[in-house]
Each structure stands twice: as structure tokens, then as C-alpha cells.
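Colleague: For the sequence shown, counting from 1, position 145 maps to 145 in full-length UniProt numbering; every step adds exactly one.
From the three backbone atoms N, C-alpha and C, an ideal C-beta is built for every residue, glycine too.
What follows is a structure written as C-alpha cells; I'll ask about it next.
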Amino acid sequence: MAQTHFGYQTVDESEKARRVRGVFDSVASRYDLMNDLLSMGMHRAWKAYTVAVANVKPGDRVLDIAGGTGDLARAFARKVGESGTVVHTDINEAMLRTGRDRLLDEGLVLPTTTCDAEHLPFASGSFDLVTVAFGLRNMTHKDAALREMGRVLRDGGRLMVLEFSKVAAPLAKPYDWYSFNVMPKIGRFVAGDEDSYRYLAESIRMHPDQQTLKTMMKEAGFGHVDVHNMSAGVVALHVGIKC
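Here is the structure:
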């Protein structure tokens with residue numbers, strides 16, 4: 001059995017999927033509250049910037065992978081209008097259910113499906129835009145997932161990956177202290193789950209940095225990739241064009 005990482009642990013590939021599912025099953029009900037607390041509300045600005053850069057038009061077809069509680073799906077649905085389509089997906093049923101319920105509460109009925117980003121159940125060339133926000137780092141075979149995202153895009157379509165990345169060097173030590181001392185404690189007191197938030201901090205450190213991810217996207221078939229650093233590199237938006 002091939003091995004991979006789960007945070008700082010080395011586990012069998014089949015074991016990682018089960019463990020990641022357990023993390024998000026645990027945090028789904030408090031996910032949005034925890035995002036606000038841990039990022040001090042900045043995740044809303046990062047997502048708003050992503051939507052602005054996407055610049056989708058009425059009639060566009062958008063696939064939101066690892067869409068979770070639906071922040072991006074909601075924003076894109078209002079941009080593409082009734083003539084467009086936004087498909088809201090996640091591999092984790094608890095997260096997807098939470099997001100679907102939030103969208104329904106706001107009067108948005110979107111196609112919603114549970115699926116694995118490494119094996120997308122959509123025809124090639126189906127979408128103008130594919131997005132994945134804070135989900136790529138949890139995928140076992142990131143290279144395979146990136147190729148699948150490229151496959152379902154039309155020629156000239158764009159992939160947008162919003163993800164935690166490598167912070168600027170002067171902030172590295174305080175950022176590490178916050179991630180490993182404060183985040184798990186907030187997770188324990190607010191969500192009743194310290195271990196999941198320790199894993200999330202570890203998974204950020206194991207995720208490819210800006211340049212490495214840019215190279216991976218090019219190798220997956222994206223001819224041009226731009227990198228937008230936000231909050232001194234705490235988060236980066238990678239925008240790839242399928243050529």
C-alpha cells in the first residue's frame with residue numbers, strides 16, 4: 001500500500017481519506033464560525049477577491065470543488081444568473097449538507113453532488129471556471145486532481161485554487177506560534193475538537209508552496225499560471241488557464 005502524509009504523520013493512502021473525512025465530519029457544524037474566529041474574518045476578503053478575479057459573466061458554467069458550506073457557490077450563482085450554472089460539490093457529505101442547507105435558506109437551489117476531485121463525474125470541457133478553496137491540500141493525489149480539473153474545463157477555461165501557502169519569512173515564527181498554540185485551543189473551546197485543528201495547521205505546512213504549486217499546475221496542462229499572494233503569503237490564489 002502506497003503511503004502519504006496526514007498532517008505530519010505518514011499513513012496509508014486509503015487511511016488518509018478516512019481520516020480527512022473524520023476531520024470535516026467533526027468540524028462541519030462550526031466550520032463557518034471557526035473560519036471567522038481563526039482568520040479574524042479575513043477568509044471573507046480572500047474569497048471576495050477570488051470572486052472579483054474570476055469575473056464570471058451571466059451564462060457561465062462554474063464547478064466549485066470542495067465547496068463545503070457554499071461561500072463561493074453562493075457568490076458565483078448570483079453572478080452567472082438564471083442562464084448560468086454553478087455546481088456545488090464536496091467529497092464530505094456533512095460539509096456538503098451544511099452548505100446545501102445554507103444555500104436553500106437563502107433561496108438558492110444549485111446542483112449539488114458528492115464527488116472525489118480525483119475522479120470527477122463530468123464530461124470533458126463542461127465548465128468555463130473550476131474553483132477549489134481550501135480543499136486542495138487535503139487531497140491525496142494533488143497532481144491527479146489538477147489534471148481532472150483541467151479535463152472538465154473548456155479550452156481557455158480557468159482553474160482558481162485558493163489555498164493556504166508559504167508566509168513571508170519575517171512572519172513565519174509568529175504564524176507558527178499562532179497555528180500550533182492558539183488554533184488548536186480555539187478548536188477545543190469552540191468546536192470541541194482540538195486534534196482536527198492541529199491537523200489543519202500541520203496540513204498547511206505540508207502543502208506545496210507558491211512556486212511548487214504553480215509548477216504542478218503547469219505540468220497538469222495549464223499553459224499560463226498567475227499567483228496572487230494575500231496577507232503576506234498566508235494565502236495564495238493560483239489562476240491557471242487551460243491552453
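Between residue 304 and Tyr49, is the Cβ-Cβ spacing less than 9 Å?
Modeller: An answer regarding residue 304 cannot be provided, because it is not within the stretch 1 to 243 covered by the chain.
Colleague: Count the other CB atoms within 10 Å of the CB of Phe76; is the residue buried (16 or more) or exposed (fewer)?
Modeller: Taking the sequence shown and counting its residues from 1, one reaches residue 76 at position 76. Buried.
Colleague: State the DSSP-derived secondary structure class of Thr85, mapped to helix, strand or coil.
Modeller: As a first step, residue 85 is located in the sequence shown; it is residue number 85 there, counting from the start. Strand.
Colleague: Whole angstroms are fine: how far does the CA of Glu118 sit from the CA of Asp90?
Modeller: What you label residue 90 is simply residue 90 of the sequence shown in a count that begins at 1. What you label residue 118 is simply residue 118 of the sequence shown in a count that begins at 1. If you take the alpha carbons of Asp90 and Glu118, they lie about 12 Å apart.
Colleague: Distance, Cα to Cα, Val132 vs Gly70?
Modeller: Within the sequence shown, the letter at position 132 stands for residue 132. Within the sequence shown, the letter at position 70 stands for residue 70. Taking the straight line from one Cα to the other gives about 11 Å.
Colleague: Apart from the five residues on each side of it in sequence, which residues of its chain come closer than 8 Å, Cβ to Cβ, to Gln3?
Modeller: Taking the sequence shown and counting its residues from 1, one reaches residue 3 at position 3. The residues are Thr10, Val11, Asp12 and Glu13.
Colleague: Mind the definition here: the segment 173-191 touches the segment 145-160 only if three or more C-beta pairs lie below 8 Å; say whether that holds.
Modeller: Counting Cβ pairs under 8 Å, fewer than three are found: no touch.
Colleague: Is it the case that the segment 163-171 contacts the segment 222-236, given that we only count it when at least three CB pairs across the two stretches are under 8 Å?
Modeller: Enough Cβ pairs lie closer than 8 Å, so yes.
Colleague: Which parts of the segment 80-148 are runs of the beta strand (DSSP E), unbroken and 3 residues or longer, counting only runs that do not cross its ends?
Modeller: Taking only runs of at least 3 residues, the beta strand (DSSP E) segments lying wholly in the segment 80-148 are 85-90, 112-114 and 127-133.
Colleague: Do Gly68 and the ligand MN come close, with the Cβ less than 8 Å from some heavy atom?
Modeller: In terms of ligand content, the structure shown is empty, and the ligand MN therefore cannot be addressed.
Colleague: Using only the alpha-carbon positions, how far apart do Arg100 and Val27 sit?
Modeller: Counted from its first residue, the sequence shown places residue 100 at position 100. Counted from its first residue, the sequence shown places residue 27 at position 27. About 16 Å.
Colleague: Check whether the segment 28-39 touches the segment 56-66, counting contact only when three or more Cβ pairs, one atom from each stretch, lie closer than 8 Å.
Modeller: Touching, no.
Colleague: Between His228 and the rest of its own chain, which residues show a CB-CB distance below 6 Å, the 5 nearest in sequence each way excluded?
Modeller: On the sequence shown, position 228 is the one that residue 228 refers to. For His228, where only same-chain residues beyond five positions count, the Cβ hits under 6 Å are Leu237.
Colleague: Give me the DSSP bridge partner(s) of Glu13.
Modeller: Within the sequence shown, numbered from 1, the residue matching residue 13 stands at position 13. BP columns for Glu13 are empty, so no partner.
Colleague: Is the segment 191-206 touching the segment 118-129 in the sense that three or more CB pairs, one from each, lie closer than 8 Å?
Modeller: The segment 118-129, when compared against the segment 191-206, does not touch it at the 8 Å Cβ threshold.
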